[in-house]
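Reviewing the structure listed below.
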Amino acid sequence: MSSAVKVKLFGILRLRFRPWEKEISLDSPLSLKEFLEALEGPFPGLKETLFSRNKLQKGVIILKNGRNIFHLAGLDTKIFPGDVLVIFPPGAGG
Amino acid sequence: MNTFYARQKSLFTVEEHARLKAATVLIAGLGGLGSFVAEGLCRAGVGGLILLDHDRVSLPDLNRQILYHRDDVGRFKAQVAKERLLLVRDDLWVEAWVQRLRPKFAIPSRVSVVVDALDNWESRFILAERAERSGKFLVHAGLSGYYGQITTIAPDSLSLSEVFAGAQEDPHPEAYFPICAVLGGLMVEEVLKIICKREGTLSGRLLLVDLRSYEFELVPIAK
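Heads up: the sequence lines are chains X and F, in that order.
When we follow my numbering, the leftmost residue of the first sequence carries the number 8, and every step to the right adds one.
When we follow my numbering, the leftmost residue of the second sequence carries the number -16, and every step to the right adds one.
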């Protein structure tokens, strides 16, 4: 099993952050909040785009292994080595 | 053979062509995505279309909404769309519904597939709930600038709100011809696959599209 978490950014986040995909080493499980705070190094500014004051910002979807963390435990969702996080603001337009 | 469908004859079996002719698709939203979907399904041979949109054509629509021309500005989109599609195929059964989506909106039983080409999440979730309640497939796409997403919600599978919980309205997302054409074309293909009962639909998968880098990523989605 991989000891890293794969983070993939999509949508208009790609206009602000590069690279769009990174593997982040993780030895032991973290809460999503702790993990996102740790992402501030590789993705400066991403943390405040995703949450503030312990609340997820509206408009950005985080899928952990294909499941919306909104329906898991939100920022308390446990992130394990080997997980894949897909982060994107879905397009609202039609 | 010089028939309307001569160039796609070998792409569909006789049975699949019959399925397409017997099918009716409800297209909710006739903007950048819905224009391409309506035009594509009409030309592909779908028998019936219900076109739902409460809005009128405006000048800023014309950079991407292929069903409308300058002379149509001010007219109801659903009505203009119906007239245009009947110029393409006079055997098309088509109804223009000039109305907003209401929570109690009833999807007619004859509808085979519902297309979510709307421009706001509130209406999208209403439509998805009604499609789920009616046991219909829902093909969803949404866009913002160079980016967009498309997926299919099958009956008895996960719901649109399970995938997109937390999505936020964007009153005026940037929109231009290429992203509408790409996503609209993919939506047409997806509807055809569903009607023809083919494998390989986007049910259980989310396709994320990035036209800046030409990256297309398929993400498995789960309950």
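Note that CB positions come from ideal geometry on N, CA and C, so glycine has one too.
Using the three-state DSSP reduction, which class does residue i fall into: helix, strand or coil?
i                 : result
G14 of chain F    : coil
V29 of chain F    : coil
H78 of chain X    : helix
G48 of chain X    : coil
P138 of chain F   : coil
W80 of chain F    : strand
F24 of chain X    : coil
A61 of chain F    : helix
T56 of chain X    : helix
R(-10) of chain F : helix
V146 of chain F   : helix
V192 of chain F   : strand
P161 of chain F   : helix
V94 of chain F    : coil
H0 of chain F     : helix
G101 of chain X   : coil
D34 of chain X    : coil
S186 of chain F   : strand
Measuring straight from C-alpha to C-alpha, what distance separates residue i and residue j?
i                 : j                 : result
Q48 of chain F    : E200 of chain F   : 26 Å
K233 of chain F   : V77 of chain F    : Residue 233 of chain F cannot be examined here, being either before or after the span of chain F that is shown, -16 to 206.
E28 of chain X    : V94 of chain F    : 41 Å
L79 of chain X    : G128 of chain F   : 30 Å
V97 of chain F    : E105 of chain F   : 16 Å
K206 of chain F   : V56 of chain F    : 43 Å
A150 of chain F   : Y197 of chain F   : 24 Å
T135 of chain F   : R74 of chain X    : 16 Å
S144 of chain F   : R58 of chain F    : 33 Å
L207 of chain F   : G12 of chain F    : This structure leaves residue 207 of chain F out entirely; chain F is present only between -16 and 206.
S131 of chain F   : L68 of chain F    : What sits at residue 131 of chain F in the sequence shown is Gly, not Ser. Straight-line Cα distance between these residues: approximately 26 Å.
S92 of chain F    : L190 of chain F   : 29 Å
N72 of chain X    : A148 of chain F   : 16 Å
L84 of chain F    : C25 of chain F    : 23 Å
V(-3) of chain F  : E173 of chain F   : 19 Å
T84 of chain X    : F88 of chain F    : 36 Å
S140 of chain F   : I177 of chain F   : 15 Å
G101 of chain X   : N61 of chain X    : 32 Å
D34 of chain X    : P43 of chain F    : 52 Å
I76 of chain X    : N(-15) of chain F : 54 Å
Y(-12) of chain F : P161 of chain F   : 26 Å
L22 of chain X    : G168 of chain F   : 25 Å
Considering only their Cβ atoms, is the gap separating residue j from residue i smaller than 7 Å?
i                : j               : result
V67 of chain X   : K13 of chain X  : no
I10 of chain F   : L34 of chain F  : yes
A27 of chain F   : L175 of chain F : yes
A7 of chain F    : G23 of chain F  : The amino acid at residue 7 of chain F is misidentified as Ala; the sequence shows Thr. In this structure, G23 of chain F does not lie closer than 7 Å to T7 of chain F by Cβ.
I94 of chain X   : L16 of chain X  : yes
A11 of chain X   : P156 of chain F : no
E41 of chain X   : K54 of chain X  : no
L82 of chain X   : L39 of chain X  : yes
A124 of chain F  : M170 of chain F : yes
Q(-9) of chain F : H37 of chain F  : no
R107 of chain F  : I90 of chain F  : no
P203 of chain F  : R188 of chain F : yes
G183 of chain F  : D102 of chain F : no
L57 of chain X   : Q64 of chain X  : yes
L89 of chain X   : S32 of chain X  : One detail in the question is off: residue 89 of chain X reads as Gly in this sequence, not Leu. No, the pair does not count as a contact, with Cβ atoms beyond the cut-off.
V29 of chain F   : L3 of chain F   : yes
My guess is that residue i and residue j are in contact by the Cβ rule of under 8 Å, so how many angstroms apart are they, rounded?
i               : j               : result
W80 of chain F  : A61 of chain F  : 6 Å
V192 of chain F : L166 of chain F : 6 Å
F87 of chain X  : F50 of chain X  : Not quite, the Cβ-Cβ distance comes to about 20 Å (not below 8 Å), so this is no contact.
C163 of chain F : L16 of chain F  : 6 Å
P96 of chain X  : L20 of chain X  : 7 Å
V40 of chain F  : V63 of chain F  : 6 Å
I109 of chain F : P138 of chain F : The pair is not a contact, with the Cβ atoms about 17 Å apart (cut-off 8 Å).
I133 of chain F : L185 of chain F : 6 Å
L126 of chain F : A158 of chain F : 6 Å
Using 8 Å as the threshold, is the region 115 to 129 of chain F in touch with the region 68 to 76 of chain F, meaning 3 or more CB pairs across them? Contact fails: fewer than three Cβ-Cβ distances are below 8 Å.
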